[in-house]
Every structure is written in C-alpha cells, then in structure tokens.
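The structure appears below as structure tokens.
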Amino acid sequence: MVLLKNSRACEFGDFQTPDDLARRSLQVIKQLTIDPKSILEPTCGRGSFLLAAIAAFPTAQQSVGVEINKTHLEALQQQLIANGIDLSVQTLHADFFQMDWSEILSQLPEPILVIGNPPWVTNSMLGGLQSSNLPKKSNFQSLNGLDALTGKSNFDISEWMLLQHLEWFKQRTGIMAMLCKASVARKVLVYAWKHGYPTQSARIYKFDAMHYFRAAVDACLFVVEFGQHSFSKDCLVYDDLSDAQASHTLGYRNGVMIANIVVYDRWQHLHGSDEKCTWRSGIKHDCAKVMELEKRTDGYRNGNGITIALENIYIYPLFKSSDISNNRIVTCRKYLLVTQHLVGEDTAHIEYDAPITWRYLQDNADALAKRGSSIYQNRPPFSIFGVGDYTFRPWKVAISGFYKKVVFTAIRSVDDRPAVFDDTVYFLSCGSEDEAVFLTEILNSSIATEFLSSMIFWNDKRPITIDLLKRLNIAALATELGRENEYVACVQQIPEKRTKTSQKRRKISTSC
1 MVLLKNSRAC EFGDFQTPDD LARRSLQVIK QLTIDPKSIL EPTCGRGSFL LAAIAAFPTA
61 QQSVGVEINK THLEALQQQL IANGIDLSVQ TLHADFFQMD WSEILSQLPE PILVIGNPPW
121 VTNSMLGGLQ SSNLPKKSNF QSLNGLDALT GKSNFDISEW MLLQHLEWFK QRTGIMAMLC
181 KASVARKVLV YAWKHGYPTQ SARIYKFDAM HYFRAAVDAC LFVVEFGQHS FSKDCLVYDD
241 LSDAQASHTL GYRNGVMIAN IVVYDRWQHL HGSDEKCTWR SGIKHDCAKV MELEKRTDGY
301 RNGNGITIAL ENIYIYPLFK SSDISNNRIV TCRKYLLVTQ HLVGEDTAHI EYDAPITWRY
361 LQDNADALAK RGSSIYQNRP PFSIFGVGDY TFRPWKVAIS GFYKKVVFTA IRSVDDRPAV
421 FDDTVYFLSC GSEDEAVFLT EILNSSIATE FLSSMIFWND KRPITIDLLK RLNIAALATE
481 LGRENEYVAC VQQIPEKRTK TSQKRRKIST SC
C-alpha cells in the first residue's frame with residue numbers, strides 16, 4: 001500500500017506519478033503498435049501520465065483529463081499552456097464516482113487509450129476516515145453472506161474503477177493501461193474473463209514501487225487491449241518495464257486465475273473436489289487478549305497479564321501459523337478458550353459446566369462485545385466461528401496461510417486434548433494417526449506441490465487460501481501417486497451424526 005502522509009491525501013489516494021515512470025509506461029504502450037484516436041485519463045492529478053501520453057501519440061484527435069482536486073487540475077492546465085497544447089486538451093473538474101462517463105466516451109473516437117494511476121486505497125480505509133469519496137455500495141464481487149461479512153468484501157478503490165473501465169470497453173475498441181497493485185490487476189482480469197469482456201490481450205509489467213512511491217507493494221503497469229473480434233484468457237507477465245520477453249503467462253482455467261499455465265496444464269486433471277477431505281480454517285474469535293491463554297503453574301494467564309485457575313473443559317492447545325510453519329508442534333505455546341462446539345450453539349450452559357470460566361467470560365464481556373465484525377451480532381454471548389465436530393478430532397493435517405511454502409504438517413492431540421488453530425491456519429481433520437500421516441505424505445509430494453504452486457501468487461498477503469486447497473482432488477492425487485488402496489484404507493469421512501466428543505460435552509451441560 002502506498003504510504004500517504006495525511007488523511008486528506010489518503011482519502012483521495014493522492015500521490016502523483018513520477019514523470020520518469022509515466023514516460024517509461026508510455027514507451028511500453030507505444031511498442032504495442034496501437035494508434036489511439038483519443039486519450040482519456042479519468043483521475044489525472046497534475047497530469048504527468050496525460051502529458052506523457054500526448055507526447056507519445058501526437059496524432060490523437062482528442063485528449064481528456066478529469067480530476068477531483070482543483071489545485072492539481074490548475075497545475076495541469078498551466079503545464080498545458082506552457083507546452084502550447086492547451087487548446088487540444090479538455091480538462092474537467094469532476095468526481096469519478098459522480099461523473100456521467102457515457103457522455104464523455106460518446107464524444108471520443110476509437111480506439112481509445114484510457115490511462116492512469118487510480119487511488120491505491122481500500123474502501124475500509126476510506127470508511128475509517130469517514131470519507132465520502134466512495135462508490136455507491138453494492139456487492140459487485142458477488143460474495144456470499146459470510147465472505148461479505150468477514151473481510152472479503154474489502155476492496156481497493158482502484159479495483160472498482162478498473163471494473164468501470166471494463167464496462168466502457170464492452171462495445172468499444174481501445175486499450176486500458178493503469179498503474180495498480182498486481183493483485184488488483186489479477187482480480188480485474190478474472191472478472192473480465194469470467195463475464196466475457198472482449199479482451200484481445202493482457203499484459204502485466206512489474207515495476208519497483210519502493211523506488212517510485214516508497215511503497216512495499218507488488219505493483220505493475222496493467223495493460224489490456226479490447227476488440228470485438230478476438231478473445232484471450234491469457235496474460236503475459238514481464239518482470240520489468242524494460243523487458244522484451246515475458247517471464248511467464250497467467251491464465252484462466254476452470255474458473256480460477258492460474259499463476260503458471262504451463263505447470264497447471266500438466267496437472268490439471270487433479271483439479272476437483274474430494275467429498276472425504278474437507279478443508280477447514282481455524283477458529284475465529286477476534287479477541288486474543290481474552291481468548292488466547294498461556295499455561296502457568298497456578299492457572300492460565302491471558303493477554304492482559306491476568307492469571308486465573310480456569311477449568312480445563314473449554315481449554316484446548318492452540319497452534320498458530322508461526323508454530324505450524326516452524327514445526328513447533330510437539331508442545332504448544334498457547335491455549336484457546338473454545339466456548340462453542342458448533343457455530344451458533346447456546347453458551348448459557350457454560351455457567352453450570354465451568355462456573356469459573358463463566359465468571360471469567362462475564363468479567364471480559366465488554367471486550368468480547370466490542371469485537372468489530374458484524375458476524376458476532378445477534379449471536380449467543382461469547383460466540384466464536386470456524387468450529388464444528390471436525391475441530392475436536394484427534395489428528396489434523398495443517399498448513400499456514402501466511403508463510404511462503406507449501407508444507408503440510410501432521411498435528412496430534414496434546415495431553416489427550418485435540419489441537420485447535422487460529423484462523424490463519426487451514427487443516428484436514430483426521431480420525432487416526434495413519435490417516436494423518438498418509439495425507440501428509442501425499443500432500444507433500446512434488447506433484448501436489450507443483451499443482452498448488454501453479455495457482456499461488458507468492459506476493460499476496462495470504463498466498464495460501466482455503467479456496468486454493470479445495471481445488472486439489474486428494475483422491476485423484478492418491479491415484480496419480482499409485483496409492484489409491486492406501487487412500488481407501490486410511491481416509492475416513494466425518495459422519496453426519498455428532499462425534500463422541502460432542503455428545504460428551506452436551507451430556508455434561510445437561511446433567512449439571
């Protein structure tokens with residue numbers, strides 16, 4: 001994320017494109033042999049990009065720059081006058097989100113070159129600033145209810161803007177060239193390919209955002225050509241703006257973005273689901289200082305430094321991403337207070353099952369009630385998520401979502417208590433050691449690693465996701481490895497009925 005100096009600048013994603021970067025970007029675009037009849041920069045700022053485009057394509061008949069910041073627009077107008085090109089360029093003081101773009105576009109001859117450097121801020125950041133500089137609310141990503149509530153609905157403003165650009169080219173020819181996060185470029189490509197926009201070609205040119213913007217982010221020049229006669233679902237990736245040859249090719253296969261289509265195509269027969277093996281995420285509680293504990297001789301100490309002798313019935317050994325990634329799995333550093341066996345389960349029985357634990361929860365009720373996520377609203381008090389019968393099985397096969405390696409680890413119970421994880425860990429639950437060891441072995445095979453790696457974008461904040469893991473058909477993997485008989489013998493499916501652990505806990509609560 002670009003580091004912005006103040007809330008006003010952050011609200012408008014206000015950082016200006018260096019002239020050198022603008023010129024280098026236009027050199028790349030010019031090499032694509034496009035001859036635009038018009039140029040449009042929807043968020044032009046002080047105009048370095050627009051000026052570079054006008055210089056690169058002097059035969060363009062019309063050029064338009066739109067900017068919400070009047071001071072920036074005046075600076076651009078002065079540069080246009082100084083360069084003697086003010087009469088051929090239209091500058092508009094307007095808000096991108098309120099603009100009637102159809103009227104502007106109807107006046108531009110094709111092919112159109114749409115260029116720019118849209119704001120690198122997210123809607124949640126602007127919401128935190130109580131900004132009005134936001135698009136109208138809509139679930140444009142088509143997320144389901146829980147995903148929309150738990151964070152997937154947070155999006156980059158530039159992503160929303162680029163999706164609007166796609167609409168502009170639905171019935172037009174031209175090219176879109178934008179500086180943005182590489183993750184935004186991929187999301188926009190997936191949307192375009194999924195919904196059938198007329199993308200003739202796509203390219204991603206990486207550049208050093210730290211050098212130009214002092215930002216530690218994977219950034220790129222994102223270039224898409226649009227036409228009405230051909231369609232491509234591949235994207236060439238260049239490691240630098242000056243590279244003549246692409247380093248690899250992204251693609252769209254089976255409804256997902258592929259990081260390396262050559263490797264993926266080799267193993268794509270492994271893509272699918274396995275009804276016996278369901279990937280889960282760890283427990284979401286959003287109150288670590290209360291729910292995560294360290295064991296002491298006189299009880300459990302919480303994140304506030306308070307030690308209390310809680311009953312053991314609701315306390316389980318906790319492994320976090322760093323534990324899994326660093327193979328710290330023999331003993332645990334922390335424990336987790338697990339208040340429910342199933343999502344939505346009533347918590348009132350804790351008062352009778354474990355009165356000290358209940359009093360501890362009551363003492364910390366304010367902190368738990370202040371959890372920001374709306375998923376906790378209209379739920380039993382002290383609710384958690386990511387919990388079910390699978391949580392309490394004796395063995396798991398786990399992987400960290402944060403660390404940049406595809407390594408799976410078998411996790412056993414600790415002191416006869418099933419291990420649990422935080423929500424940055426993904427796992428398969430297993431009924432036996434044999435099952436866990438077998439699954440760990442085949443998941444760590446070179447074939448599985450190649451297949452999964454072909455879909456991983458390592459610079460993402462969380463490169464390994466549950467959606468990624470669900471794409472591997474583990475039964476097909478076992479067959480590919482010649483171990484299908486072991487799969488049949490070892491892998492168990494969790495029965496629909498409640499487990500013994502669940503029944504035992506309910507018996508305790510009803511008998512007190």
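The sequence shown begins at 1 in the UniProt record's numbering and counts up one residue at a time. Ideal Cβ positions, reconstructed from N, Cα and C, are used throughout, including at glycine. All of these numbers come straight from a predicted model, not from anything done at the bench.
Let me confirm a value: residue i is counted as buried when at least 16 other C-beta atoms fall within 10 Å, else exposed. Which label applies?
i	result
F231	exposed
L32	exposed
V224	buried
D346	exposed
R393	buried
G116	buried
S446	exposed
T331	exposed
I81	exposed
G482	exposed
I242	Here the sequence assigns Ser to residue 242, which means Ile is not the residue at that position. Looking at its Cβ environment, which holds fewer than 16 other Cβ atoms inside 10 Å, S242 is exposed.
V488	exposed
Nearest CA to the CA of residue i: which residue from the options?
i	options	result
P198	Y205, C180, W168 and F213	W168
A244	K289, Q27, E480 and R483	Q27
T59	L80, I384 and D35	D35
D208	V217, Q200, S201 and Q340	V217
F319	I411, A478, I261 and T278	I411
P118	S321, L105, H165 and Q79	H165
K18	L452, Y314, L113 and R214	Just to set this straight, residue 18 is Pro in the shown sequence, not Lys. For P18, the nearest C-alpha among the options comes from R214.
Y314	D298, E292 and T297	E292
F402	D363, P463, W395 and V488	P463
residue 542	V64, S242 and D95	The shown model of the chain, from 1 to 512, leaves out residue 542, and the question about it has no answer.
T391	L163, N378, G431 and Y205	G431
D95	N83, N364 and T43	T43
N254	A202, G303, W279 and W193	W193
R379	P418, A348 and G344	G344
K276	A476, I85 and V414	A476
How many Å lie between residue i and residue j at the Cα?
i	j	result
Q130	I324	Residue placement at Q130 is poorly supported in this model, since its pLDDT is 41, which falls under 50; the coordinates still yield a value, given next. Going from the Cα of Q130 to the Cα of I324 covers about 38 Å.
D240	H285	42 Å
G47	L73	8 Å
A170	A259	It should be pointed out that residue 170 corresponds to Lys in this sequence rather than to Ala. So the two alpha carbons sit approximately 26 Å from each other.
L310	Y352	13 Å
K289	G305	9 Å
A436	R24	52 Å
S102	V121	25 Å
L21	T249	24 Å
Y300	P355	15 Å
V406	I375	30 Å
R505	D434	In this predicted model, R505 has a pLDDT of only 47, less than 50, meaning its place in the structure is not dependable enough to derive any value.
L469	S158	28 Å
G196	V256	14 Å
V387	L342	6 Å
M161	I104	16 Å
D423	G45	40 Å
C235	Q492	40 Å
S106	D100	11 Å
G372	C220	33 Å
S38	Y191	26 Å
Q16	V89	20 Å
S153	K187	Residue confidence is low: S153 scores 46 on pLDDT, short of 50, so the model does not pin down where it sits. No coordinate-derived value is stated.
D366	G174	56 Å
Q78	F451	55 Å
H271	L472	5 Å
Q228	R333	59 Å
N139	E294	Since pLDDT at N139 reaches only 48, below the 50 mark, its modelled position is unreliable, and no value is offered.
CB residue i to CB residue j, shorter than 7 Å?
i	j	result
D156	I474	no
L336	V420	yes
N368	F385	What sits at residue 368 in the sequence shown is Leu, not Asn. Against a cut-off of 7 Å, the Cβ pair of F385 and L368 comes out as no contact.
D478	I456	Per the sequence shown, residue 478 should be read as Ala rather than Asp. Contact: no.
S429	S321	no
F438	A398	no
A182	I29	no
I308	Y360	yes
L51	E41	no
S281	I54	no
T449	F408	no
Please report the Cβ distance between residue i and residue j, rounded to the nearest whole angstrom; I am assuming they are in contact, meaning their Cβ atoms lie under 8 Å.
i	j	result
E67	H93	7 Å
F226	Q200	6 Å
S247	V237	6 Å
I350	T339	7 Å
L108	T91	Rounded, the Cβ-Cβ distance is 15 Å, inconsistent with contact.
Do we get a CB-CB distance below 7 Å when we pair residue i with the residues of chain C?
i	result
V224	Checking the listed chains, one finds no chain C in this structure; it contains a single protein chain.
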